[in-house]
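*Asks:* Residue numbers (the working numbering), protein chains in the order written: chain A, 1274 to 1478; chain B, 1274 to 1478. I am attaching a structure below and will ask some questions about it afterwards.
2 protein chains.
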Amino acid sequence: MSAGEIDAEERHRERMQRKKDLVDRKIARATIERGVVVVNTGNGKGKSSSGFGMLARSLGHGFRCGVVQFIKGSFSTGEEAFFRRFEGDGLDYHVMGEGFTWETQDKSRDIEKAQAAWRVAAAMLADPAYDFVLLDELNIALVKDYIQLQQVTDALAARPPNQHVVITGRGAPDGLVEVADTVTEMRVVKHAFKAGIKAQKGIEL
Amino acid sequence: MSAGEIDAEERHRERMQRKKDLVDRKIARATIERGVVVVNTGNGKGKSSSGFGMLARSLGHGFRCGVVQFIKGSFSTGEEAFFRRFEGDGLDYHVMGEGFTWETQDKSRDIEKAQAAWRVAAAMLADPAYDFVLLDELNIALVKDYIQLQQVTDALAARPPNQHVVITGRGAPDGLVEVADTVTEMRVVKHAFKAGIKAQKGIEL
């Protein structure tokens, strides 16, 4: 290396050392250890898949995990096939919904199914044995008023202090965003579907 | 049920039937079957975890999968522990980076590591045996010019037509967004870290 290159490397090292000090100080300020409520919402891709990624992380740590899928539809084949393997090995996996409302076309039945799913979810939120609970597409049932928001926020508030909960679905109600710790809006920049590409196995399915 | 309730049910059924027809027509128009390039970017949570969720879906379909993590840092413990179990069983998992630049503070070494990671990734993108390839945090290396964008877009263009590729990381360059099929910006609505909560196992770790 030339003297100039060595100088540049040294300046890089110093700049990165300052950045490291800054990041380290920020990390040192975050000292609270407790279960968090994560909400993934918005119209973009990645709400459920991110929930399933966190499920994988949680299983990787040996956590006891629970999943309730509030909408089955045709959009859960890959993850269900995959995660079902871990049932009885740290995971309870419930697919409770039957499909989107325009698929079933039967509102009373949809409400019944949503409330049955909520009863399973509420039991998990009340049980300190669960370290991680994923409530996939719960927001859809909240938006339609099939489940009362107050029931959900009460159950979240009363849950075991170290339990993590991930809630997904479009249109997260403001009252849920308010009580959540981390909320992400998945925003569409572009989507293959609009270009005529079918939902793909491994990506959407 | 009263007559009014029966009427309301019927109106719901008709509305949902119209919605179903609309959705069915949209789905019918999306006829193309091919591998897609998915990019998860933005400052919010869920970019990598969504990639790992799609990895789970892909493994659920029996796909041959490859993962290259361009940044190791301390942020990959849970997913690595979990997915390592599938090595040799449909999955090749490579953790190539050493950490964020402010952790290593050695630019030449960071560039070497990024390029070594890219060579592994490029070999996967050239190999029709891989159905699904996750390039986790590749965007970070692109933003820093440790890997040339042109190399990446060329490799994506030349890859097997049915191969899916998911690329994650903040600051996806415009040239990558342009060639991608589906791009999502994960936008922070709120984050637990800002409220003093440490990165949590199963959620971030």
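By construction, the Cβ of each residue, glycine as well, lies at the ideal position given by its N, Cα and C atoms.
Whole angstroms are fine: how far does the CA of A/His-1285 sit from the CA of A/Gly-1277?
*Replies:* Within the first sequence, residue 1277 of chain A is the residue found at index 4, counting from 1. Within the first sequence, residue 1285 of chain A is the residue found at index 12, counting from 1. A/Gly-1277 and A/His-1285: Cα-Cα distance of roughly 12 angstroms.
*Asks:* Going along chain A, which residues have a C-beta under 7 angstroms from B/Val-1461?
*Replies:* Within the second sequence, the letter at position 188 stands for residue 1461 of chain B. Going along chain A in sequence order, the residues near B/Val-1461 (Cβ under 7 angstroms) are Thr-1457.
*Asks:* Excluding the 5 residues flanking B/Leu-1449 on each side, which residues of the same chain have their C-beta closer than 8 angstroms to its C-beta?
*Replies:* If you number the second sequence from 1, residue 1449 of chain B lands on position 176. Contacts found: Val-1312, Asn-1412, Leu-1415, Leu-1422, Val-1425, Thr-1426, Ile-1440.
*Asks:* For A/Leu-1398, count neighbouring Cβ atoms within 10 angstroms of its own Cβ and tell me buried if that reaches 16, exposed if not.
*Replies:* Numbered from its first residue, the first sequence carries residue 1398 of chain A at position 125. A/Leu-1398 comes out buried.
*Asks:* I want to see whether chain B comes within less than 8 angstroms of A/Asn-1412, judged by CB atoms only; does it?
*Replies:* In the first sequence, the residue the question calls residue 1412 of chain A occupies position 139. No, its Cβ sits nowhere closer than 8 angstroms to a Cβ of chain B.
*Asks:* If you draw a straight line from the C-alpha of B/Glu-1385 to the C-alpha of A/Leu-1408, how long is it?
*Replies:* Sequence index remark: in the second sequence, residue 1385 of chain B carries index 112 (1-based). Sequence index remark: in the first sequence, residue 1408 of chain A carries index 135 (1-based). In a straight line, the C-alpha of B/Glu-1385 is about 42 angstroms away from that of A/Leu-1408.
*Asks:* Hey, is the segment 1324 to 1343 of chain B in contact with the segment 1350 to 1357 of chain A, meaning 3+ C-beta pairs nearer than 8 angstroms?
*Replies:* Short answer: they touch.
*Asks:* Need the endpoints of the alpha helix (DSSP H) that B/Asp-1400 sits in, please.
*Replies:* Reading the second sequence from its first residue, position 127 is the one you call residue 1400 of chain B. That residue, B/Asp-1400, is in no alpha helix (DSSP H); it is neither H nor E in DSSP.
*Asks:* Going by DSSP, name the residue or residues bridged to A/Gln-1342.
*Replies:* Here residue 1342 of chain A corresponds to residue number 69 of the first sequence, with the count starting at 1. A/Gln-1342 pairs with A/Val-1368, A/Asp-1409.
*Asks:* To which residues does DSSP link A/Val-1311 through a beta bridge?
*Replies:* As a working note, residue 1311 of chain A is residue 38 in the first sequence. Beta-bridge pairing links A/Val-1311 to A/Val-1439, A/Thr-1455.
*Asks:* Listed in chain order, which residues of the segment 1299 to 1318 of chain B have Cβ atoms closer than 9 angstroms to some Cβ of chain A?
*Replies:* Taking 9 angstroms as the Cβ-Cβ cut-off against chain A, the residues of the segment 1299 to 1318 of chain B that qualify are Lys-1299, Ile-1300, Arg-1302, Ala-1303, Thr-1304, Ile-1305, Glu-1306, Arg-1307, Gly-1308, Val-1309, Val-1310, Val-1311, Val-1312, Asn-1313, Thr-1314, Gly-1315, Gly-1317, Lys-1318.
*Asks:* Would you please verify whether the beta carbon of B/Ala-1329 is less than 8 angstroms from any beta carbon of chain A?
*Replies:* Within the second sequence, residue 1329 of chain B is the residue found at index 56, counting from 1. For B/Ala-1329, the answer is yes, since a Cβ of chain A falls inside 8 angstroms of its Cβ.
*Asks:* With distances taken Cα to Cα, identify the nearest neighbour of B/Ile-1305 among A/Lys-1474, A/Gly-1475, A/Gly-1469, A/Leu-1478.
*Replies:* The residue labelled residue 1305 of chain B in the question sits at position 32 within the second sequence. Measuring from the Cα of B/Ile-1305, the nearest candidate turns out to be A/Gly-1469.
*Asks:* Establish whether the CB of B/Ser-1322 and some CB of chain A are separated by less than 8 angstroms.
*Replies:* As a first step, residue 1322 of chain B must be located in the second sequence, where it is residue number 49. With 8 angstroms as the cut-off, B/Ser-1322 counts as an interface residue toward chain A.
*Asks:* For A/Lys-1463, which residues does DSSP report across the bridge?
*Replies:* Residue mapping note: residue 1463 of chain A aligns to position 190 of the first sequence, counting from 1. DSSP lists B/Val-1456 as partners of A/Lys-1463.
*Asks:* Using a Cβ cut-off of 7 angstroms, pull out every chain B residue sitting near A/Phe-1405, in sequence order please.
*Replies:* In the first sequence, counting from the first residue as 1, residue 1405 of chain A sits at position 132. Correct list: Gly-1475.
*Asks:* Measuring only the C-alpha atoms, how far is B/Leu-1429 from B/Ala-1394?
*Replies:* Against the second sequence, residue 1429 of chain B aligns to sequence position 156. Against the second sequence, residue 1394 of chain B aligns to sequence position 121. C-alpha separation (whole angstroms): 11 angstroms.
*Asks:* Using a Cβ-Cβ distance under 8 angstroms, would B/Asp-1454 count as near chain A?
*Replies:* Sequence index remark: in the second sequence, residue 1454 of chain B carries index 181 (1-based). Chain A, which has a Cβ nearer than 8 angstroms to the Cβ of B/Asp-1454, makes this yes.
*Asks:* DSSP on A/Ile-1384, reduced to helix/strand/coil?
*Replies:* Translated into positions along the first sequence, residue 1384 of chain A becomes position 111. Looking at A/Ile-1384 - three-state DSSP - the assignment turns out to be helix.
*Asks:* Leaving out the 5 sequence neighbours to the left and right, which residues in its chain are closer than 6 angstroms to A/Arg-1432 when beta-carbon positions are compared?
*Replies:* Stepping through the first sequence from its first residue, residue 1432 of chain A is reached at position 159. Closer than 6 angstroms at Cβ, skipping near neighbours: Leu-1398.
*Asks:* For B/Glu-1479, which residues of its own chain have a beta-carbon under 6 angstroms away from its beta-carbon, when the five flanking residues on both sides are left out?
*Replies:* The displayed coordinates of chain B run from 1274 to 1478. Any statement about residue 1479 of chain B would go beyond what the structure contains.
*Asks:* At which residues does the alpha helix (DSSP H) containing A/Ala-1252 begin and terminate?
*Replies:* Since the first residue shown for chain A is 1274 and the last is 1478, residue 1252 of chain A is missing from the structure and cannot be characterised.
*Asks:* Step through the CB atoms of chain A and report whether any lies within less than 8 angstroms of the CB of B/Val-1425.
*Replies:* Here the question's residue 1425 of chain B lines up with position 152 in the second sequence. For B/Val-1425, the answer is no, since every Cβ of chain A falls outside 8 angstroms of its Cβ.
*Asks:* Are the Cβ atoms of A/Ala-1329 and B/Phe-1325 separated by less than 8 angstroms?
*Replies:* In the first sequence, residue 1329 of chain A corresponds to position 56, counting from 1. In the second sequence, residue 1325 of chain B corresponds to position 52, counting from 1. Yes, the pair counts as a contact, with Cβ atoms nearer than the cut-off.
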